[in-house]
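Participant:
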């Protein structure tokens, strides 16, 4: 049942609005997920160190033994990590994984891809849950071996560009026979911030950190050491460059929301061999890709305020599906069918 809907304003309308500010994110908790999907709260054992990989690294190595991610991300892990530190989060308007905010803030420039997220109320805090659309689920099931291999190249680059514990020697073979790339192992940072008038707690996976950076302690200092790792096809023609600019827009939102200052991109050829490395400052991406970040911030701040008002005015145990319908250029809030949005822990 439809509860409410909202049109997506034009880019020019959003650009003309009073700019929503975004506070610098401050890390308040974290967790490490192990290969068997168990979670260690406020544990940094899965946070890896950045090591610049050798060019000509073959990113195909290890594909046959690769272990893809199993299971869905649950906000219960965020709630448990915060409870482990005995933090009072009752004043937060929203608690979510970063992925949901990535989708929301990218909507003004998204003319094609639908998305949806689960919504549940817990006291005065709204939890946003990760949900796949039917199109996304079908696309995942229909992936060819080549598509799966291309996705693996990104994970292989992350493996080649990181080390656990003591940094390895440059001559060390990062794809030795006993290495098994397992995407179920991850480190997640949990931060608090504020977008417009909305106080937010968000969690996001962190690829690695720059060791010996010089800043000590948690809070905003922790975020400044973190690095996002990305891969892209070599920019061989105009089509590839346009595609890369669209990627940079998404990379900006992802890194900006968690306060990460830099991205390291590995450029590979069509055979999956690393050919070039380039560092990008996150704050420079809007200029390079020619988009306006305040358009996304204005939209995100306004929509979160709109969503919060409607959920808080509803039943105390209300559960909803919040979706974007690109054909109509609108957002829709509906009562969730039974079982679609799990009742997370309070």
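Residue numbers (the working numbering): 1 to 346.
Just so it is clear, CB atoms sit at the ideal spot from N, CA and C, and this is done for glycine as well.
#1: Could you check the C-alpha separation between residue 293 and residue 35 for me, to the nearest Å?
#2: Between the C-alpha atoms of residue 200 and residue 242, what's the straight-line distance to the nearest angstrom?
#3: Hey, quick one: how far does the beta strand (DSSP E) through residue 128 stretch, first residue to last?
#4: With the cut-off set at 8 Å, would you say residue 236 and residue 48 are in Cβ contact?
#5: Give the single residue among 258, 287, 266 whose Cα lies nearest to the Cα of residue 249.
#6: Just the C-alpha distance for residue 272 and residue 16, rounded to the nearest angstrom, thanks.
#7: When you compare the CB positions of residue 41 and residue 50, do they come within less than 8 Å of one another, or not?
#8: Taking only three categories from DSSP, how would you classify residue 14?
#9: Any idea if residue 208 is buried or exposed, counting beta-carbon neighbours within 10 angstroms, 16 or more meaning buried?
#10: Assuming the contact rule is C-beta atoms closer than 8 Å, residue 246 and residue 227 should be a hit. Round their C-beta distance to whole Å, please.
#11: Between 296, 132, 297, 39, which has its C-alpha nearest residue 322's C-alpha?
#12: Decide if residue 125 is buried, meaning its Cβ has at least 16 other Cβ atoms within 10 Å, or exposed.
#13: Return the chain-ordered list of same chain residues with a C-beta closer than 7 Å to the C-beta of residue 104, the five sequence neighbours on each side being excluded.
#14: Can you give the Cα-Cα distance for residue 264 and residue 290, rounded to whole angstroms?
#15: In chain order, what residues of the same chain have a beta carbon less than 6 Å from the beta carbon of residue 187, not counting five sequence neighbours either side?
#16: Out of 95, 283, 278, which has the shortest C-alpha to C-alpha gap to residue 252?
#17: Can we say the region 114 to 123 touches the region 18 to 32, given the rule of at least three CB pairs closer than 8 Å?
#18: Whole alpha helix (DSSP H) runs in the region 54 to 119 with 4 or more residues, listed along the chain?
#19: Compute the Euclidean distance between the alpha carbons of residue 43 and residue 85, then round it to the nearest angstrom.
#20: Alpha carbon to alpha carbon, how far is residue 129 from residue 338? Give it in angstroms, no decimals.
Facilitator: Straight from the coordinates:
#1: 36 Å
#2: Answer to the nearest angstrom: the Cα atoms are 33 Å apart.
#3: 125 to 131
#4: no
#5: The option with the nearest alpha carbon to residue 249 is 287.
#6: 43 Å
#7: no
#8: helix
#9: When all chains shown are included, residue 208 counts as buried.
#10: 22 Å between Cβ atoms; not a contact.
#11: 132
#12: buried
#13: 300, 303
#14: 20 Å
#15: 32, 46, 47, 206
#16: 283
#17: The region 114 to 123 makes no contact with the region 18 to 32, as fewer than three CB pairs between them are under 8 Å.
#18: 75 to 84, 98 to 105
#19: Looking at the two C-alpha atoms, the distance is approximately 11 Å.
#20: 15 Å
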